[in-house]
Each structure stands twice: as C-alpha cells, then as structure tokens.
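Participant:
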Amino acid sequence: MTSREARKDGGMQSYKMLIGGERLDAEGGATFETENPFSGAPWALVPRAGVADVDKAVAAARTAFNNPDWRKISASARGALLHRLGDLIAREAERLAQIETRDNGKLITEMRGQLKYIPQWYYYFGGLADKIEGRVIPIDKPGMFNFTREEPLGVVAAITPWNSPLMLATWKLAPALAAGNTIVWKPSEFSSASALELAPLFEEAGFPPGVVNILTGFGADIGERLVSHPDVAKVAFTGGDRTGQSVYELAARSIKPVTLELGGKSANIVFGDALIDNAVKGTISGIFAATGQTCIAGSRALVHRSIHDEFVDKLVSLGKTARMGDPALDTTQVGPITTRPQRAKVLDYIGIAKNEGAQCVLGGAAATRPECGNGWFVEPTIFTGVKADMRIAQEEVFGPVLSVITFDDADEAVAIANGTQYGLAAGVWTQNIGTALTMSERLEAGTIWVNTYRAVSYMSPFGGYKRSGIGRESGLNAIREYLQEKSVWIDMIGEVANPFVQR
Ligand code: NAD
432 MTSREARKDG GMQSYKMLIG GERLDAEGGA TFETENPFSG APWALVPRAG VADVDKAVAA
492 ARTAFNNPDW RKISASARGA LLHRLGDLIA REAERLAQIE TRDNGKLITE MRGQLKYIPQ
552 WYYYFGGLAD KIEGRVIPID KPGMFNFTRE EPLGVVAAIT PWNSPLMLAT WKLAPALAAG
612 NTIVWKPSEF SSASALELAP LFEEAGFPPG VVNILTGFGA DIGERLVSHP DVAKVAFTGG
672 DRTGQSVYEL AARSIKPVTL ELGGKSANIV FGDALIDNAV KGTISGIFAA TGQTCIAGSR
732 ALVHRSIHDE FVDKLVSLGK TARMGDPALD TTQVGPITTR PQRAKVLDYI GIAKNEGAQC
792 VLGGAAATRP ECGNGWFVEP TIFTGVKADM RIAQEEVFGP VLSVITFDDA DEAVAIANGT
852 QYGLAAGVWT QNIGTALTMS ERLEAGTIWV NTYRAVSYMS PFGGYKRSGI GRESGLNAIR
912 EYLQEKSVWI DMIGEVANPF VQR
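With positions in the sequence shown counted from 1, the corresponding number in my numbering is that position plus 431.
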C-alpha cells in the first residue's frame, strides 16, 4: 500500500498486509499502533496477524511456488523481475526513507544512504539468477550419467528485526527470490510500515501474486506457527540471539534449514601504532552511528595501554560533539532509541555498568536536551576501567554505550576480543601489515575491518561466528542458502543390474 492508498483512520495511517496479491486485514480485524520514536506518539495502525493469517500467507506462498507463472519462467526472466524491483525501490527511495525515519527513528541521512544502496542487492542477485548451474559429474560407475540440478527450497519465512528493516529484509529477499523461492516476510512489530509501503512494488515489478507475502504482527502471536509450519521450507531470521535460539530449536523439530543473523559484542582493537584520530573516528562511528542499534556495533574498544589516556580524551571530546535530536533533520547525528522497551534496557545496562565499578566518562543517562523533545533518547555513553568479564563487556546492549578495556599485547587483545559468546565482527587499528594480517586470522568473527569500520556490501559475505549466527548473507554464496542440490542418475546402457546388489 502506498501512502496514497493508505486509509486514514482517526488521523492515523492504516495499513493492510499483503497475502496472495491481496491487501488484507488480519482475521478478526485486530490491529496494533506503531509509534514514532521521536515524538513518542502513535502514528499508524498495523494489522495484528494471528495463526489463521499465518496459514493463509503460507498457503498463498505455497500456491505461488507451484504456479507456472513463477515456477516455469526462465531464470533470466526472474532476474529481470528483481532488476525491475530494484529500479522501483530507487524511484521510491525518498518516500521509503521518510517512512522509516518516522516509524523507526533512524536518521534520514542514514536511511537515504541505505535506500540508495538497497537496489544493488536486487541487481546483483537478479544478475546471479541465471548463472546458477548444475554439474556433470565424471561418475565412477560405467554406463551411468550423473548430473546435478540446483533447485529452490519452496516457501521461505523471512523474519526481520527493527534496526535496519528494509536493508536486512533485502539481504534475504534478493537471494531467496533469485533462487526461485516464494516468501512470507514477517517484519518486526516495531517497524512494519516500511515493509507494507514496499508491498505494491512487488506487484508493479511483475511478481505473480503470492510470491512475496507480508505478514505483520507479534513474534509471540505468530512466530511459532510460522517457523513450525509444515509448508515452510526454510527460515531466514535476523534478530536477538535468544529469539534466534528458539527459532532454531523450533525449526529443528521439523528439520528445516535456517539462516540466523544474531547479535554481537564486537571489539574495536586499537594498537599503539594506530593513526589515533582515525581510530577515534572509527570507534565513535562503530558505537554511536545508528544510536548503537546495530548488530555490528563496536561496543568494546580494546585500547593499548600506551595510548589509552590520549585515546580516551579524544574519544570523549568527539563524543561530546554528537548532535542529538530529530532524526528527520539532515544535521542530526544521534537519533532516538527505536523502542520504549529497548530504551529501558539500555538504561538498565548503564546502571549495571556503574554498579560493576566501570567509570562513566561520557553520558550515562537518558537525554533530556530540549532538541530531544519527547523522544526515547539516551546520551552517548562511554565507560572506562571496564574489565573483560563484566556484564557490560559480555552482553549485547544494542544502544550507544561503549566499554573501553585496556590491553598490553596482541595475545591479550585476542583473548579479550574472542572472550565472549559472540563473533559477528571486529575492527583492528594499526599501521603494521603483519599485525593486521595476524589479527585478521586470530579473531573469531565473521567480518574483520582493518583501519575502517561498518563497511558492508552486496558483494561481500556477512554473518556470524559462534553465537552470532549461522549462514551468510550477501556475496556470491548467499544464493546457496536458498537452493538445494539434486543428483540425477541415468543408466545409458539399458541393462537392469542384479537387483540384489547395490550398483
Ligand atoms: P528480536 O529477536 O526481538 O525480533 C526479531 C524478529 O523476530 C521480529 O520480527 C520478532 O517479531 C520476531 N520474533 C520474536 N519472537 C519470535 C518467535 N518466538 N518466533 C519467531 N519470531 C519471533 O530482535 P529485535 O529486538 O527486533 O532486533 C534486535 C536484535 O537483532 C539484536 O540482538 C541485534 O544484534 C540483532 N540483529 C542482528 C543482525 C545480524 O545481521 N547479525 C542485524 C540486525 C540485528
């Protein structure tokens, strides 16, 4: 539904889901309000799906999977649909960016950047659609011909979080569609509007009805049914590690493959020889960009003792300059926390860090500056004197809270960096190529940035080690997460072998 089509209901925008090509309310008409994190006020009504809606959406996706208009079109034609979708998102980029900022509180500047970049995933995987080839295997059995086919899985449940809603959904939708699957997408209950605004673009691009279905509602209401539905062939999930664990457990019961992109406690490691001003900027960007609400947040700064004091002084000086306020303004640098419960969680962790004996050298409280209005803000916060085993150094906060930890040598830095249950990303700041390369090898994380932070691309694999996840998104191999390989045997001789002996 575009904003033009959206019904106004008591001054609030009112959305519908996308199921089987139709715009539908939830069965029974249940809705929930979605709030603007800057004003603190509800601004739209979103359908609250129940189990019956899950069944309807999965049935629509299953029907679409068997529909020759989707199943039998050439891989090139499928790729062309993805290209068209990319073009339409580029056309609607500004509108989608504004909606996301209103619904989720992300900076408009960051949203413009993301919306400009998102089409690249559709172009890249659209281009890949007709380059997925099987193999002829020089099989060891005389008289036999053996080849493989790469086939789609079926209905993919894509479950996404609130922090970069369209980007993280794109990382699933683009490869899954390129591979020929159909989708039931459940966006976060805190950021459903942009998904529903995207809905008409699938039809306009030419996807047959039911190829993409968008189901809105609460994980607690519909998550279990969606994950365990017998007609869902795979679950692609991004979210918290505890939710990911229960999705994994549930998927295991019906032997479904999963992709899990979960949390992190990533370390930005600053060696004594680093270009210190660059490292300061990279560390600030790692933790205060997106108000720290990114899975890749560099929430631990590991700083060599020789430069600790100078580094912290510069960090605090730069951190102090962060302009907080209305995320819709181009000049704002730190916006609100996206959800009320998340703000409470961030403030709880600040309290925990203080009780653990960490020293708060910046922020450390809810933000009450006039430019923050009624929004759900937390001051950019830096703790020093953090010990590697404190909760603030071990648990994901998902907010603008940085822990500074001192180290004496590379071995200690590696031990601290690897000493959490997570392994999503790490940054290394050094001018020594040997240090850069050995650290890249020794760090247990899916992404390593050297003298930079937070770079991602449709071309480069992204995913976690350890409790940060399973599988990879983006890059050539991501399409394999949505395919299954079939082996086909043909007897070329026509002689039936001894039926009592394996051939
Ligand atoms: P969340 O786990 O609370 O929710 C994620 C999604 O799961 C939502 O759509 C939610 O409705 C749904 N859900 C909730 N309970 C469910 C259940 N029982 N079954 C199925 N689905 C259920 O996460 P969030 O708070 O929305 O997002 C923040 C988390 O996401 C952070 O931990 C962050 O690190 C992580 N994240 C990871 C990546 C990554 O790529 N590794 C990217 C962004 C965010």
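C-beta atoms are modelled at their ideal positions from N, C-alpha and C, and glycine is treated no differently.
For the region 591-678, list the beta strand (DSSP E) runs that are entirely contained and at least 3 residues long, ordered along the chain.
Facilitator: 613-617, 643-645 and 663-669
Participant: Count the CB pairs spanning the region 625-636 and the region 664-684 that are closer than 8 Å, and state whether there are at least three.
Facilitator: no
Participant: Is there at least one non-hydrogen atom of ligand 1 closer than 8 Å to the beta-carbon of N671?
Facilitator: Position 240 of the sequence shown, counted from the first residue, corresponds to residue 671. In the sequence as presented, Asn is not what sits at residue 671; that position holds Gly. Of the heavy atoms belonging to ligand 1, at least one sits nearer than 8 Å to the Cβ of G671.
Participant: Give me, in chain order, the residues of the same chain whose beta-carbon lies closer than 7 Å to that of L681; leave out the 5 immediate sequence neighbours on both sides.
Facilitator: Counting from 1 along the sequence shown, the entry for residue 681 is found at position 250. Within the same chain, L681 has close Cβ partners E655, V658 and S659.
Participant: Can you check DSSP and say which residues form a bridge with W946?
Facilitator: Outside the displayed range of the chain (432 to 934) lies residue 946, so it cannot be described from this structure.
Participant: Distance check for R771 and V809, CA to CA, integer angstroms please.
Facilitator: Position 378 of the sequence shown, counted from the start, is the residue given in the question as residue 809. Position 340 of the sequence shown, counted from the start, is the residue given in the question as residue 771. The C-alpha of R771 is placed about 11 Å away from the C-alpha of V809.
Participant: Since C803 sits in a beta bridge, which residues does DSSP pair it with?
Facilitator: Within the sequence shown, numbered from 1, the residue matching residue 803 stands at position 372. DSSP, once it has assigned bridges, lists no residue as partnering C803.
Participant: Please report the distance separating the alpha-carbon of S871 from that of G695.
Facilitator: Locating residue 871 in the sequence shown gives position 440, where the first residue counts as 1. Locating residue 695 in the sequence shown gives position 264, where the first residue counts as 1. Each residue's alpha carbon lies about 17 Å from the other.
Participant: How far does the alpha helix (DSSP H) with V482 in it reach, from first residue to last?
Facilitator: Taking the sequence shown and counting its residues from 1, the one referred to as residue 482 is at position 51. V482 to N497 is the span of the alpha helix (DSSP H), which, as asked, contains V482.
Participant: Under 9 Å between the Cβ atoms of T613 and R493?
Facilitator: Along the sequence shown, read from residue 1 onward, the residue named residue 613 stands at position 182. Along the sequence shown, read from residue 1 onward, the residue named residue 493 stands at position 62. The beta carbons of T613 and R493 sit closer together than 9 Å.
Participant: From S905 to L597, what distance separates their C-alpha atoms?
Facilitator: In the sequence shown, counting from the first residue as 1, residue 905 sits at position 474. In the sequence shown, counting from the first residue as 1, residue 597 sits at position 166. Computed Cα separation, rounded: 14 Å.
Participant: Classify E802 as buried or exposed, calling it buried when 16 or more other Cβ atoms lie within 10 Å of its own Cβ.
Facilitator: Along the sequence shown, read from residue 1 onward, the residue named residue 802 stands at position 371. Classification of E802: exposed, given that the 10 Å Cβ count is below 16.
Participant: Assuming the contact rule is C-beta atoms closer than 8 Å, L706 and A844 should be a hit. Round their C-beta distance to whole Å, please.
Facilitator: Start at 1 with the first residue of the sequence shown, and residue 706 comes out as number 275. Start at 1 with the first residue of the sequence shown, and residue 844 comes out as number 413. Contact doesn't hold; Cβ gap of about 17 Å is too wide.
Participant: Have a look at the DSSP bridge pairing and note the partners of N966.
Facilitator: It is not possible to answer for residue 966, since the shown part of the chain is limited to 432 through 934.
Participant: What is the residue span of the alpha helix (DSSP H) that L546 lies within?
Facilitator: Position 115 of the sequence shown holds residue 546. Taken as a continuous stretch (DSSP letters only), the alpha helix (DSSP H) holding L546 covers I539 to L559.
Participant: Three-state secondary structure (DSSP) at D757?
Facilitator: Here residue 757 is taken as the residue at index 326 of the sequence shown, counted from 1. Note: D757 maps to coil in three-state DSSP.
Participant: Would you check if there are 3 or more beta carbon pairs closer than 8 Å linking the region 579-591 to the region 535-550?
Facilitator: no
Participant: Let me make sure I understand the geometry here. Which of K751, E564, I504 and I549 has the alpha-carbon closest to that of R955?
Facilitator: The first residue shown for the chain is 432 and the last is 934, placing residue 955 beyond what the model contains.
Participant: Just reading off the beta strand (DSSP E) that N763 is part of, what are its end residues?
Facilitator: Position 332 of the sequence shown holds residue 763. Position check: residue 763 holds Thr in this sequence, whereas Asn was assumed. Unbroken run through T763: none, as it is neither H nor E.
Participant: Which residues share a DSSP beta bridge with P688?
Facilitator: Taking the sequence shown and counting its residues from 1, the one referred to as residue 688 is at position 257. DSSP lists no partner for P688.
Participant: Going by C-alpha distance, which of R580, T462, I783 and V643 is nearest E453?
Facilitator: What you label residue 453 is simply residue 22 of the sequence shown in a count that begins at 1. Of the candidates R580, T462, I783 and V643, the one whose C-alpha sits nearest the C-alpha of E453 is V643.
Participant: What do you reckon, is the C-beta of Q545 under 8 Å from a heavy atom of ligand 1?
Facilitator: Along the sequence shown, one-based indexing puts residue 545 at 114. Flag unset: Cβ of Q545 not near ligand 1.
Participant: Following a CB-centred definition, is Q825 positioned closer than 8 Å to any heavy atom of ligand 1?
Facilitator: Here residue 825 refers to the residue found at position 394 of the sequence shown. No, the Cβ of Q825 stays beyond 8 Å of every heavy atom of ligand 1.
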